[in-house]
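Numbering (my numbering), first residue to last: 573 to 743. Remarks on the structure that follows.
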Amino acid sequence: MLKQIKYSPFIILILLISCKNTSDKQSTHLANVGIIPKDESVDDPNFQPCHEDYSLFYYQVDNSDHLYKGEKPAIVKTFDDIKLPAIDQNDGYVTIRFLVNCKAETGRFRVEQVDFEYKDKEFEGELVTQLLEKTKQLDGWLPATREGYKCDYYKYLTFKIIDNQIVDILP
573 MLKQIKYSPF IILILLISCK NTSDKQSTHL ANVGIIPKDE SVDDPNFQPC
623 HEDYSLFYYQ VDNSDHLYKG EKPAIVKTFD DIKLPAIDQN DGYVTIRFLV
673 NCKAETGRFR VEQVDFEYKD KEFEGELVTQ LLEKTKQLDG WLPATREGYK
723 CDYYKYLTFK IIDNQIVDIL P
């Protein structure tokens, strides 16, 4: 019994030393899934979020049904004039994600391309370039509110493509 008491402070000291304080380490993970971090190599340097560390997703805001002037029909009309030659097997989804700040300005555009089995794919031709440029030109975004305050929010447009033609825009 005396031996156990004799070694107890030593054991406690080892346990305390082995506990590491990790609070001073920088996390490589983003605060939330879906955040679009700033990338100076591709992002417009003039675009500034109002709240860098606090942006909501479009469905978390109080006015989520009314975030674009004219709503979905106005967005669809913007893309009606994209006319490209048909390319067989140029099928899948193109998703453009971006951030709308509290002033209704857009930035941090990111593009994802997948086939109908959700495998990465590169679309041929000018389709993706034109979709991205048209999305950047959309100027009817409205500020989002949460509990009475204007806030930044993430938005996306997904284009369903068959034979190089837009057949649907989601959501």
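Ideal placement from N, C-alpha and C gives every residue a C-beta, glycine not left out. Just so we're clear, the structure is a prediction, and the values are computed from it rather than from any experiment.
{"Item": "Is the separation between the beta-carbon of Ile741 and that of Val666 shorter than 8 Å?", "Value": "no"}
{"Item": "Pull up the CB-CB distance for Lys708 and Phe731, whole angstroms please, since I reckon it's below 8 Å.", "Value": "Incorrect: roughly 14 Å between the Cβ atoms, too far for contact."}
{"Item": "Rank Asp687, Pro617, Cys674 by C-alpha distance to the C-alpha of Asn720 and give the top, closest one.", "Value": "What sits at residue 720 in the sequence shown is Gly, not Asn. The residue with the shortest Cα to Cα distance from Gly720 is Cys674."}
{"Item": "Got a sec, what are the start and stop residues for the alpha helix (DSSP H) Val700 sits in?", "Value": "699-709"}
{"Item": "Would Pro657 pass as a contact of Asn736 if the rule is Cβ separation under 8 Å?", "Value": "yes"}
{"Item": "Relative to the C-alpha of Phe670, which residue among Glu684, Ser613, Val648 is closest?", "Value": "Glu684"}
{"Item": "Quickly, what does DSSP pair Lys722 with across the bridge? List them, please.", "Value": "Thr717"}
{"Item": "For Val700 and Asn662, I'd like the C-alpha separation in whole angstroms.", "Value": "11 Å"}
{"Item": "Can you give me the Cβ contacts of Ile654 inside the same chain, cut-off strictly under 6 Å, excluding the 5 residues immediately before and after it?", "Value": "Gln702"}
{"Item": "Under three-state DSSP, which class holds Leu602?", "Value": "Confidence in Leu602 is poor, its pLDDT being 49 and thus under 50, which makes the residue's placement unreliable; the coordinate value appears in the next sentence. Leu602: coil per DSSP, three-state reduction."}
{"Item": "Closest Cβ-Cβ distance between Pro609 and chain D: below 8 Å?", "Value": "No chain D is part of this structure, which consists of one protein chain only."}
{"Item": "For Ile647, report the span of its alpha helix (DSSP H) as first-last.", "Value": "643-651"}
{"Item": "Taking Cβ to Cβ, would you say Lys706 is nearer than 8 Å to Thr650?", "Value": "yes"}
{"Item": "Secondary structure at Lys693, three-state DSSP: helix, strand or coil?", "Value": "coil"}
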